[in-house]
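Following this note's numbering, the numbering of the sequence shown begins with 150 at its first residue and continues without gaps.
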Amino acid sequence: MKFKHTFQVFIDNFSTTYKLLLYKLIVTLITVGLCCAIILPTLSHITDTGEYIALKDAAIELWNSLINLDTNLLHGNLVALREALDTFLEMLGTKTGDFALCATLLVVVYLINRFLSGIGTYTTGSLINDRMALRTNSAFIYTMTKNLAKSSLFSVIYVPVCFVYDLICALICFGIVTVSPMLIKIFALTTLLILFAALKNTFVCDWLPSIIHGKMSNKEAIIYAVSRTGKKTAFIFSNLLIIQLIIVAMNVAAFILTFGAGLLITLPASYIILNCFQFVNYYDGNSIRYFLDENTIIGPERDRPLTREEFFRGEEE
């Protein structure tokens with residue numbers, strides 16, 4: 150039922166997709182701007198060198214001789230291009246410090262991007278929780294501003310943990326794909342990425358709902374999320390595996406069938422589907438009532454036992 154309820158909650162919260170899309174576009178523009186500010190100066194330090202200019206001139210001369218079918222100059226131009234290329238590569242070897250600095254700054258920008266995305270994930274989770282628990286349509290900006298301190302702390306912890314996990318998974322994928330036969334490289338890589346993503350989401354599934362709905366601290370939420378006692382881990386993993394496959398298929402289809410335009414909807418929708426599963430899983434696991442849609446409430450008849458006053462007033466379980 151978790152699988153079915155996840156998509157029903159997603160449909161009920163579909164308008165959040167557009168809010169998250171706008172936020173993601175703003176974050177992407179910030180990220181692209183920072184990347185350009187880092188990469189362009191590094192490229193200019195290379196393109197302004199005499200070695201690069203000589204290599205470019207040699208390539209142009211070779212191209213002209215090929216276009217004009219001038220066989221007399223072709224051999225000389227090839228030799229000149231090879232010598233210019235060797236000189237250019239030697240020059241690049243002297244700029245390893247610049248490349249290392251550029252790579253380090255790009256990693257920092259990536260972490261900033263993930264940090265901002267984490268704030269968006271927290272805000273989206275709050276919107277879904279408000280919709281499921283209270284049937285309210287909270288404003289994205291207001292919710293993000295109100296929870297900025299909590300979402301920032303969550304993102305500061307969540308992003309490095311996921312970065313290390315993703316790095317380890319990338320190294321494992323690289324090692325396995327490297328030794329795989331050519332025909333199964335893409336299959337092996339895709340399978341591993343989906344498995345690793347489902348495994349990660351299984352162990353962080355209860356983290357965000359525990360903070361937002363359970364009012365836990367990050368430490369308490371992490372302990373609760375990692376602890377798998379009585380949580381049917383295999384069942385949750387299998388559900389997340391299927392959801393990951395659907396998300397991949399949905400995004401690939403959007404890319405192919407709409408020439409990439411559909412990704413504007415399917416990418417933010419992917420994040421929201423995963424958020425919906427997290428909250429559905431948390432609510433079901435803790436026997437908490439929630440709105441599936443306007444006319445349907447899921448969960449036990451009561452979230453708590455009757456008080457003495459309610460009992461003597463004749464209220465029913």
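All C-beta atoms in this analysis are idealised placements derived from N, C-alpha and C, irrespective of residue type, glycine included.
Treat the numbers as computed from the prediction; the structure is a model and nothing was measured.
Bridge partner(s) assigned by DSSP for residue i
i    : result
D442 : T445
DSSP-derived helix/strand/coil call for residue i
i    : result
P190 : helix
I437 : coil
P330 : coil
M150 : coil
N226 : helix
K295 : helix
R474 : For the chain, the structure presents residues 150 to 466; residue 474 sits outside this window and is missing.
G363 : coil
S164 : coil
T155 : helix
D197 : coil
N213 : helix
S301 : helix
R284 : coil
T243 : coil
L218 : coil
E466 : With a pLDDT of only 45 at E466, under 50, the local geometry of the prediction cannot be trusted, and no value is derived from it.
Inter-residue spacing [alpha-carbon to alpha-carbon] between residue i and residue j
i    : j    : result
Y431 : L254 : 38 Å
T294 : V305 : 17 Å
A207 : T327 : 36 Å
E369 : T270 : 19 Å
S359 : D442 : 22 Å
A374 : Y314 : 16 Å
I371 : W356 : 6 Å
G434 : L423 : 16 Å
H224 : Y420 : 57 Å
F156 : D197 : 55 Å
S376 : I317 : 22 Å
L230 : A298 : 57 Å
G182 : I188 : 10 Å
Y132 : S287 : For residue 132 there is no data in the structure shown, the boundaries of the chain being 150 and 466.
G448 : T407 : 39 Å
L174 : A398 : 22 Å
D452 : I437 : Annotation note: pLDDT 49 at D452 (below 50); position unreliable, no value reported.
K349 : I396 : 15 Å
D161 : R284 : 10 Å
F460 : N444 : The predicted position of F460 is uncertain, since its pLDDT is 48 and thus under 50; no value can be drawn from it.
P330 : I391 : 26 Å
N226 : L238 : 18 Å
T378 : F352 : 12 Å
Proximity below 8 Å, CB of residue i to CB of residue j
i    : j    : result
A402 : T166 : no
K319 : Q393 : Correcting the residue type first, residue 319 is Ala in the shown sequence and not Lys. No.
R263 : V308 : yes
D235 : H194 : no
M240 : E200 : yes
L204 : A233 : yes
N296 : S266 : no
I333 : C354 : no
N367 : L302 : yes
L92  : C322 : In the structure displayed, the chain extends from 150 to 466; residue 92 sits before or after that span and is not available.
I277 : F152 : no
C425 : F159 : yes
T273 : L389 : no
V256 : C184 : no
T382 : N400 : no
T180 : C251 : no
L412 : F404 : yes
A282 : H154 : no
Heavy atom of the ligand SAM within 7 Å of residue i beta-carbon
i    : result
Y259 : Looking at this structure, you won't find the ligand SAM or any other ligand, since it has none at all.
*asked:* Runs of 4 residues minimum, wholly inside the segment 377 to 413: which ones carry the alpha helix (DSSP H) assignment?
replied: Whole alpha helix (DSSP H) segments, 4+ residues: 382 to 406.
*List in chain order: all unbroken alpha helix (DSSP H) runs of 4+ residues lying wholly within the segment 306 to 354.*
Whole alpha helix (DSSP H) segments, 4+ residues: 334 to 353.
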